[in-house]
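**Student:** Structure in structure tokens, see below.
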Amino acid sequence: MKYLLLFLSIATLSACQSAYELQSASTKGLANSYSCGQINAAFAAYEADKTSFMALKEIAVVSGLEVKPTAATEASSYYESAKAAANIALIVQGCPPRD
């Protein structure tokens with residue numbers, strides 16, 4: 354019984370924190386959740402290693418890019434989409450887009 358109560362307490366606290374983060378992000382908008390520096394840093398990491406799905410995932414998170422990696426897909430195939438998504442996120446923030 355103690356474990357069930359502990360589990361429910363932790364789940365409730367996690368849900369409250371998640372709801373707060375979602376509300377905060379939705380008020381700011383997805384692109385506004387990240388600074389220009391964060392967006393540029395994420396894209397620079399992907400640009401430095403275009404074969405890394407971890408770097409691609411990072412830029413996807415900060416820019417809203419949808420990535421569906423498969424065994425036949427290479428991370429580098431997303432370069433133009435990632436650059437466009439990063440530029441849109443930067444413009445929304447009021448920052449100059451990447452060249």
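What the sequence shown shows, in the working numbering, is residues 354 to 452, in sequence order.
Ideal placement from N, C-alpha and C gives every residue a C-beta, glycine not left out.
For residue 416, I'd like the list of residues in its chain whose CB is within less than 6 Å of its CB, leaving aside the five on either flank, ordered along the chain.
**Tutor:** 438, 439 and 442
**Student:** Does the Cβ-Cβ distance between residue 435 and residue 396 come in under 8 Å?
**Tutor:** yes
**Student:** When we look at the beta-carbon of residue 401 and count the other beta-carbons within 10 Å, is it buried (16 or more) or exposed?
**Tutor:** Residue 401 should be labelled exposed.
**Student:** Between the C-alpha atoms of residue 421 and residue 389, what's the straight-line distance to the nearest angstrom?
**Tutor:** 25 Å
**Student:** Could you round the C-beta distance between residue 432 and residue 403 to whole angstroms and report it? I think they count as a contact, below 8 Å.
**Tutor:** 6 Å
**Student:** To which residues of the same chain is residue 387 closer than 6 Å at the C-beta, ignoring the five residues directly before and after it?
**Tutor:** 415
**Student:** Classify residue 468 as buried or exposed, calling it buried when 16 or more other Cβ atoms lie within 10 Å of its own Cβ.
**Tutor:** Because the chain spans 354 through 452 in this model, residue 468 falls outside it and cannot be assessed.
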